[in-house]
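Written out below as structure tokens is the structure these notes cover.
Numbering (this note's numbering), first residue to last: 986 to 1297.
Structural data, given as structure tokens:
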């Protein structure tokens, strides 16, 4: 006979007591069911909190990824902006190169690297970068092209700097040459004067014979200012035979000018003079028929026609 357990149920209302009998097996089964229920409920609660935590993590992850995507899009926009700036810089560099070549043409200067361009011997001008890539696409190839063009532009800018330095030296040399080249009359146009004898063959006013006159004579009143026709250094200032009081100026580059028959010399040997500077006063010293300036221009020791060097 199986053992049973009795439960007596008492009522507070005075009703008769009730007795409930059950077996130990039933009690064990009930306990097991109760434990199973607690386990299931506990698992459900655990799973709920775990699911809620996972959901919150996914939401945070989504926010993070969204912010990262915004950041990536912003970076790609910046990359595209840099690509556009590289294209603009390249255009400006090419414009500067073209401007330098125009100056050389205008100034009649040779380009030592005429066959080259700023991107090197035989180098072609890089294509413009594609700065309009969709933001959803990767920009790896664009960034690689940008690095390559930055290196090319760096070399090109160095080359262009050398070209401008060469141009500056050439312009300075040409400026010195122009400043040292006789280019005006030794008598101001504002002063009343007249040409008494030009460069070339003439009848001598002293002998009446045909002779070669290697100067350009301009007459005016005694004391009229005689002007230096170009920058230079006085190499002679004094009495010189039939030319009387004479000044000789060496302008460099093989150019020398002489001013004869002066009344008074205002510059001495070794003085530096500038174009338009008064160097003497007109006179009639030496063998002369009247107040005038005997003006000679010599190129590499050979007398040349001074009239060709009078731009005014």
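Each residue gets a CB set at the ideal place from its N, CA and C atoms; glycine is no exception. Computed from a prediction, not measured in an experiment: that's the story for all the values here.
Q: Please confirm whether residue 1215 and residue 1173 have their CB atoms less than 9 Å apart.
A: In the chain shown, residue 1215 corresponds to position 230, counting from 1. In the chain shown, residue 1173 corresponds to position 188, counting from 1. No.
| task | Enumerate in chain order the residues of its own chain whose CB-to-CB distance from residue 1271 is below 6 Å, with the five nearest sequence positions on each side excluded. | result | Locating residue 1271 in the chain shown gives position 286, counting from the first residue. So the list reads 1227, 1228, 1229 and 1246, once near-sequence residues are dropped.
*How big is the Cα-Cα spacing for residue 1199 and residue 1186?*
Residue 1199 sits at position 214 when you count from the first residue of the chain shown. Residue 1186 sits at position 201 when you count from the first residue of the chain shown. Those two C-alpha atoms are separated by around 8 Å.
Restricting to Cα atoms, I'd like to know which of 1021, 1209, 1128 and 1013 is closest to residue 1275. As a position in the chain shown, residue 1275 is number 290, starting the count at 1. Answer by Cα proximity: 1209.
Would you kindly work out how many angstroms separate the C-alpha atoms of residue 1264 and residue 1142, rounded to a whole number? Residue 1264 sits at position 279 when you count from the first residue of the chain shown. Residue 1142 sits at position 157 when you count from the first residue of the chain shown. For residue 1264 and residue 1142, the distance between alpha carbons rounds to 48 Å.
Identity of the residues DSSP links to residue 1247 by a beta bridge
As a working note, residue 1247 is residue 262 in the chain shown. Partner(s): 1230 and 1267.
| Where do the ends of the beta strand (DSSP E) carrying residue 1187 lie? | Looking up residue 1187 in the chain shown gives position 202. 1185-1188 is the span of the beta strand (DSSP E), which, as asked, contains residue 1187.
Just how far apart, CA to CA, sit residue 1204 and residue 1151?
Walking along the chain shown from the start, residue 1204 turns up at place 219. Walking along the chain shown from the start, residue 1151 turns up at place 166. Answer to the nearest angstrom: the Cα atoms are 45 Å apart.
**Report entry** Own chain residues within Cβ distance below 7 Å of residue 1176, not counting five before or after
**Finding:** Here residue 1176 refers to the residue found at position 191 of the chain shown. Within the same chain, residue 1176 has close Cβ partners 1205 and 1209.
- Task: List the residues that DSSP assigns as beta-bridge partners of residue 1222.
- Result: In the chain shown, residue 1222 corresponds to position 237, counting from 1. DSSP output for residue 1222 lists 1232 as bridge partner(s).
One or two residues paired with residue 1208 in a DSSP bridge: Here residue 1208 refers to the residue found at position 223 of the chain shown. For residue 1208, which the question treats as bridged, DSSP gives no partner whatsoever.
| What's the gap between the Cα of residue 1254 and the Cα of residue 1231? | Translated into the one-based positions of the chain shown, residue 1254 becomes position 269. Translated into the one-based positions of the chain shown, residue 1231 becomes position 246. Distance between the alpha carbons of residue 1254 and residue 1231 is about 11 Å.
Helix, strand or coil at residue 1022 according to DSSP, with G and I counted as helix
As a first step, residue 1022 is located in the chain shown; it is residue number 37 there, counting from the start. Helix.
**Prompt:** What are the start and end residues of the beta strand (DSSP E) that includes residue 1171?
**Reply:** For the purposes of this step, residue 1171 is taken as residue 186 along the chain shown, with counting starting at 1. Here residue 1171 belongs to no beta strand (DSSP E), and DSSP marks it neither H nor E.
- Query: Quick one: what does DSSP say residue 1032 is sitting in, helix, strand or coil?
  - Reply: Stepping through the chain shown from its first residue, residue 1032 is reached at position 47. Correct three-state label for residue 1032: helix.
inquiry  = With distance defined between alpha-carbon atoms, name the residue in 1170, 1279 and 1261 nearest to residue 1268.
reply    = In the chain shown, residue 1268 corresponds to position 283, counting from 1. Cα-wise, what sits closest to residue 1268 is 1279.
In terms of residues, what are the limits of the beta strand (DSSP E) holding residue 1284?
As a working note, residue 1284 is residue 299 in the chain shown. From DSSP, the beta strand (DSSP E) with residue 1284 extends over 1277-1284.
TODO: Can you tell me which of 1167, 1266, 1192 and 1140 puts its alpha carbon nearest to the alpha carbon of residue 1291?
DONE: One-based indexing of the chain shown puts residue 1291 at position 306. It is 1167.
**Study point:** Beta-bridge partners of residue 1288, as assigned by DSSP
**Key:** Numbered from its first residue, the chain shown carries residue 1288 at position 303. 1283, per the DSSP bridge assignment.
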